[in-house]
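Quick notes on the structure that follows.
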Amino acid sequence: MKGSLLRSWYAPMLALGLAWPQSREEPQLPAADAAPDATLHLSAHELWEHPAEHLGQTRVLTVQMHRELESWNPFVTRFGDGEFRAWEAWSDEQFPWEEEAFRAPRVRVFARLGSAVEWALSGAESLERYDLTCRVSSTFAGLPWLEVIAAKPHLRALGEGSLIHASRGLDFMEKEAFDAAIAEFERASAGGIPEKAERELDRLIDECRQRQPLELYTPAGE
Numbered sequence: 187m188k189g190s191l192l193r194s195w196y197a198p199m200l201a202l203g204l205a206w207p208q209s210r211e212e213p214q215l216p217a218a219d220a221a222p223d224a225t226l227h228l229s230a231h232e233l234w235e236h237p238a239e240h241l242g243q244t245r246v247l248t249v250q251m252h253r254e255l256e257s258w259n260p261f262v263t264r265f266g267d268g269e270f271r272a273w274e275a276w277s278d279e280q281f282p283w284e285e286e287a288f289r290a291p292r293v294r295v296f297a298r299l300g301s302a303v304e305w306a307l308s309g310a311e312s313l314e315r316y317d318l319t320c321r322v323s324s325t326f327a328g329l330p331w332l333e334v335i336a337a338k339p340h341l342r343a344l345g346e347g348s349l350i351h352a353s354r355g356l357d358f359m360e361k362e363a364f365d366a367a368i369a370e371f372e373r374a375s376a377g378g379i380p381e382k383a384e385r386e387l388d389r390l391i392d393e394c395r396q397r398q399p400l401e402l403y404t405p406a407g408e
């Protein structure tokens with residue numbers, strides 16, 4: 187069973203009162219450069235597995251934002267901090283209620299200073315979900331280096347409450363308290379979360395039900 191983030195980062199952060207914001211109405215972002223008609227919506231998994239196949243192309247990734255980076259090493263790429271800002275995000279295939287995924291956001295993107303999309307992403311907060319139209323500008327160390335040219339926000343995102351309940355569900359699963367785990371996963375599924383996250387929670391609920399011990403049948407009158 188993958189570890190729950192409640193036992194590490196998330197619980198102490200809550201104790202300090204640093205909670206993520208609740209969902210709000212979809213923000214209106216300024217228009218950025220229009221994406222080409224041939225833009226392909228791609229999973230981050232596919233892009234990170236085969237970055238060279240998409241070099242020089244424009245692709246759309248769905249992500250959940252984590253944080254803006256204060257510093258980074260651009261290596262031999264053009265993404266220095268004198269011309270760009272950088273953000274980390276979880277791919278739509280990652281589930282941040284898992285400790286491993288929470289600690290390792292897969293996606294790193296860059297926005298050019300002074301661009302409309304840089305202004306738009308400057309207000310992005312952790313757990314907000316976006317479609318990011320990105321140009322695969324280069325590859326280095328086996329990774330794609332992405333310049334964001336447009337950003338579209340989603341209303342459906344994993345909120346703080348969903349993360350808390352899903353993480354508790356994982357803890358209960360490890361303790362084989364399957365009824366309690368199911369209840370937590372069902373609470374985590376409420377509120378219009380993304381479809382991939384919803385399917386994963388449904389899978390966890392099914393696994394809990396399959397692992398529940400069978401009740402012994404006692405005939406009436408015995």
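For the sequence shown, the residue numbers in my numbering are 187 to 408.
Each residue gets a CB set at the ideal place from its N, CA and C atoms; glycine is no exception.
Member of the options whose CA lies at the smallest distance from the CA of residue i
i: A272; options: S323, L299, R289 and T225; result: L299
i: A230; options: E314, E254, F261 and L318; result: L318
i: R289; options: R253, C394, L233 and R245; result: R253
i: A367; options: V334, K361 and G355; result: G355
i: E279; options: E314, K382, P330 and K361; result: K382
i: G268; options: E274, S277 and E256; result: E256
i: V334; options: T244, D392, E239 and L233; result: T244
i: E384; options: P291, A302, P282 and C320; result: P282
i: Y316; options: Q396, W276, S353 and G328; result: W276
i: L332; options: P339, S324 and K338; result: S324
i: A376; options: V303, I350 and H340; result: I350
i: D357; options: G328, E232, E285 and A343; result: E285
i: L146; options: W258, N259 and L313; result: Any question about residue 146 goes unanswered here, given that the chain covers just 187 to 408.
i: T248; options: F326, T263 and P339; result: P339
i: W234; options: L344, V262 and L329; result: L329
i: A369; options: P380, S348 and A302; result: S348
i: Q398; options: L387, E386, I379 and M359; result: M359
i: A336; options: K361, S353 and L307; result: L307
i: I379; options: L400, E362 and A343; result: A343
As assigned by DSSP and simplified to three states, the class of residue i
i: A221; result: Reliability fails at A221, whose pLDDT of 43 lies under 50, so the model's placement of it is uncertain and no value is given.
i: D392; result: helix
i: S277; result: strand
i: S312; result: coil
i: D357; result: helix
i: H236; result: coil
i: F265; result: coil
i: A302; result: helix
i: L307; result: helix
i: A363; result: coil
i: E381; result: helix
i: R292; result: coil
i: E256; result: coil
i: L481; result: Missing from the structure shown is residue 481; the chain here goes from 187 to 408 and no further.
i: E211; result: With a pLDDT of 33 at E211, under the threshold of 50, the modelled position of this residue cannot be trusted, and the question is left open.
Cβ neighbour criterion (16 or more within 10 Å) applied to residue i
i: H227; result: exposed
i: F364; result: buried
i: H236; result: exposed
i: E311; result: exposed
i: P291; result: buried
i: F296; result: buried
i: R389; result: exposed
i: F326; result: exposed
Complete runs of the beta strand (DSSP E) confined to the segment 319 to 344 [at least 3 residues]: 329 to 339
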